[in-house]
Structures are given as C-alpha cells and as structure tokens.
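What follows is a short report on a single structure.
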Amino acid sequence: MKNLRESMAEHGFESNDDYDFQVRCLLKGAPNRIRALSIQGDGERRKTAFATALAHALDTPHILYHDFSDAEPPTPEVILPPGTDEYGRKASAVDPLDDIASQACALSEAESTVLILGQLQAADFREHIRVHRLIRDRHWLVRDAPYYANPRNLLLFLISETPLYHSLQRESFRVWVGRVSERRVTLSPAELGLDPDAALLLDALNDLFSALDAAPTRSEVMRLFDDLTALVQTEEHLIHALFGRCEGIDRERIKDPDLAPLLSRVIEQLRDSLGVERIVVGSARGDVEPG
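Quick note, in numbering that gives the first Met the number 0, the sequence shown goes up one by one and the last residue is 290.
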C-alpha cells in the first residue's frame, strides 16, 4: 500500500518531507467542529499543489477550489435563473464564495468533500469571520438560508500569504510547505535503480547538493542522471541540467567560483564512469551498454 508521500507524488506534489503526522492530527480534529488545515510556508503556488495533491491522496470524491484573488471566477457548472422576491424584484446573483461554500456543505452531507480556499489574504476581513463561523457552527448562510455541513465529511484547506484572522487560525491545524524540501536525503545507487558503479558519481553529486543547500527528490535525481548519461559533457551543461531538473536550485549560487571544484568533480566522475560502462537508469533500460 502506498504511503501518503508516494500518493501525493502521484497527484503532482513531490517532497522529501513526510506530512503523515500532520495529516493524522488534522483528521483527528474536534468532533463538533469542521476540520481546517492552514497551509503556510514560502512555497507560493506550491502550497496550492500540496492542497490539491493531499485532497486526492485522501481519496476525496469532491474537491472544490475558490481563489479570492480571481477577479473573474469560473462559470459554475449549473447556472440558475435569477430569482425574484415577493414583490417581483430580481434578486442579485449569488456570490462565488457563497455558491462554492454552500455546494461544499451540501456535498458533505453524503460524501467526503474538501473545500480549498486560496489567496485568503485577498479576502475581505468579514469573509475570514464567515469561514470561522462555518468551522464553529457547521453551517453556511446564504441570504439567511443555512446550508449544513457534516463535520465528519468536510475538510477546509486554507491558503494565505498573510496571517489569518486570529480566531480562524486558532481553529486550524497549521502545516508548513516550503519552497523546497526541508529534509535532505542521501540516495544510494540501488534506491535510484542504478548500477553500483554509479556510487562515486552519486557521491560527487550529493556533495554538490550539500554545498548548494539543495534537497532534490528521488525523481529529480533520476531525471538528472538521465541528462548526465545522455547529454552532459561540461560544467556549463551540468549547471543547466541542475537548474532545469531540481526545484529550488539557486542559479546565482551554482555559478559561485567556490563551487567550481565540486562541479568539476562531478564531470570527472561522469567521464570515468562512461569510460568504463554506461550507467543505466532504472531496470527497464535493459543491459549495461559498453562505453
């Protein structure tokens, strides 16, 4: 059975960090409150990728998203004709937040539902209060009509670039999603599906990653090895490959003259490896090809 990190990677969010404990804390929650996750960090849109991947990893049938910074929200799937009041006057259109929050409440009555509220810093302060009331009271009001939410089924994921309303933050479990993985892993040739002869080249790369304060994921390293064995021939090629494949690599830092010996060491190990035999990435590549 896949763990949470593997499942989230399949849905577009890959990290060396393991969020299993934080998610278990969220799901435990308070029985009389809507469970809310405040997703913080310096990951910008990476936080949205985290929220979406987590919702999918939890096998959620209904995933709804609202972006408070969107000046022109997407057209709803069902467009209701304008209503009229008792005097025959046309009612104003339903606000996009009211529309999606009421949908989330209604869907949660029967099935698991995640409502992702993004860019909350762009929301009016009063909307923070309304979201807090949804968590506390388990219903959403639209023109005095309540839409009730099932606290066992509804999850709220809150994303903001600035602090949330204090009461709203207190009701949420916070999780940090960084621009890159905080946890650095040192992968062996076997873990990457490489031949043992790749060990020295991998050691040289790991030393370079450490100097760059970089924490690439397994798939990033595997793609980088693809480039190394097929295309990279010089230190300049290596710089382009590192920046192209590994999220969080600082392009100015990698050009620092102090790192030149580490770049050269990778190229030397690459040439030595290819001079003996070509490194094969993954078991599906077939037999080792002579250099």
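Glycine included, each C-beta is placed from N, C-alpha and C at the ideal position. Keep in mind the model is a prediction, meaning the values are calculated, not measured.
Asked	Found
Same chain only: Cβ atoms within 6 Å of Pro-150, ignoring 5 sequence neighbours per side	Ile-33, Arg-137
Secondary structure of His-10, DSSP reduced to three states	coil
Ser-107 - DSSP class collapsed to helix/strand/coil	helix
Glu-126 beta carbon near the ligand ZN (any heavy atom closer than 7 Å)	The model on display carries no ligand, and the ligand ZN is accordingly not part of it.
Beta carbon of Leu-186 nearer than 8 Å to that of Arg-142	no
Residue closest to His-131, alpha-carbon to alpha-carbon, out of Phe-124, Ser-166, Ala-109	Ser-166
Cα-Cα separation between Glu-267 and Ala-229, rounded to whole angstroms	15 Å
Exposure label - Met-7; buried when at least 16 CB within 10 Å	buried
contact_flag[the segment 105 to 119, the segment 153 to 161] where n(CB pairs < 8 Å) is 3 or more	yes
Three or more C-beta pairs below 8 Å linking the segment 54 to 63 and the segment 183 to 199	no
Close Cβ partners of Asp-58 (< 8 Å) along its chain, the five nearest in sequence each way excluded	Ser-111
Coil, strand or helix - Ile-38 by DSSP	strand
Bridge-paired residues (DSSP) for Ala-144	Val-141
Three-way DSSP call (helix, strand, coil) for Phe-67 in this model	coil
Cα-Cα separation, Phe-208 to Arg-4	22 Å
Residue range of the unbroken beta strand (DSSP E) whose run includes Arg-173	171 to 175
Phe-242 versus Ala-198 - alpha carbon distance	22 Å
For His-61: DSSP bridge partner residues	Thr-112
Reduced DSSP secondary structure (H/G/I, E/B, other) of Gly-243	helix
Beta-carbon spacing of Leu-200, Ile-253 below 8 Å	no
Beta carbon of Ser-37 nearer than 8 Å to that of Leu-163	yes
Contacts around Ile-99, its chain only, beta-carbon distance under 6 Å, and the 5 residues preceding and following it disregarded	Leu-63, His-65
Interface flag, Arg-178 vs chain B, CB-CB below 8 Å	No chain B is part of this structure, which consists of one protein chain only.
Pairwise C-alpha distance: Cys-245 and His-239	10 Å
Residue from Glu-9, Asn-205, Asp-19, Asn-2 with nearest C-alpha to Trp-175	Asp-19
Limits of the alpha helix (DSSP H) - the one that Ile-253 falls within	250 to 253
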